[in-house]
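Peer 1:
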Amino acid sequence: MSVGDLVAAQSVRKKILFAAVSCACYEAGFTNAERSCLETLTEMLQSYSGAWRLTSVWGAPPNGHL
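Below, the structure is given as structure tokens:
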């Protein structure tokens, strides 16, 4: 797998997370949202999912809490 393939895969993953965040906000009752807010929430979810992967690989969360 080339670097370009990895970048493309990350882009697709981020677009899917962005759509999921948008849907979650809509389901929570928000009818409008600033794109920057959705992007921030997407980055937070992406960071959390990265920590979750580390947990599954090493058995403990990076901050030591369960």
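For the sequence shown, position 50 (counting from the first letter as 1) is numbered 412 according to this note's numbering, and the numbering increases by one without interruption.
All residues carry an ideal CB built from backbone N, CA and C; glycine is no exception.
Computed from a predicted structure; not experimentally measured.
(1) What is the C-beta distance between Gln408 and Lys376, in whole angstroms, given that I count them as a contact (C-beta under 8 Å)?
(2) How about Ser411 and Leu400: do their beta carbons lie closer than 8 Å?
(3) Which of the three DSSP states, helix, strand or coil, is assigned to Phe392?
(4) Going straight from the alpha carbon of Asn394 to that of Leu403, what length do you get?
(5) Between the C-alpha atoms of Leu379 and Leu368, what's the straight-line distance to the nearest angstrom?
Peer 2: Checking against the coordinates, here is how it stands:
(1) Here residue 408 corresponds to residue number 46 of the sequence shown, with the count starting at 1. Here residue 376 corresponds to residue number 14 of the sequence shown, with the count starting at 1. Cβ-Cβ separation between Gln408 and Lys376: approximately 7 Å, consistent with a contact (criterion under 8 Å).
(2) Position 49 of the sequence shown, counting from 1, holds the residue named residue 411. Position 38 of the sequence shown, counting from 1, holds the residue named residue 400. Not a contact, by the Cβ cut-off of 8 Å.
(3) Counting from one through the sequence shown, the residue named residue 392 turns up at place 30. For Phe392, the three-state secondary structure derived from DSSP is coil.
(4) As a first step, residue 394 is located in the sequence shown; it is residue number 32 there, counting from the start. As a first step, residue 403 is located in the sequence shown; it is residue number 41 there, counting from the start. In this structure, the straight-line span from the alpha carbon of Asn394 to that of Leu403 is close to 14 Å.
(5) Taking the sequence shown and counting its residues from 1, the one referred to as residue 379 is at position 17. Taking the sequence shown and counting its residues from 1, the one referred to as residue 368 is at position 6. C-alpha separation (whole angstroms): 16 Å.
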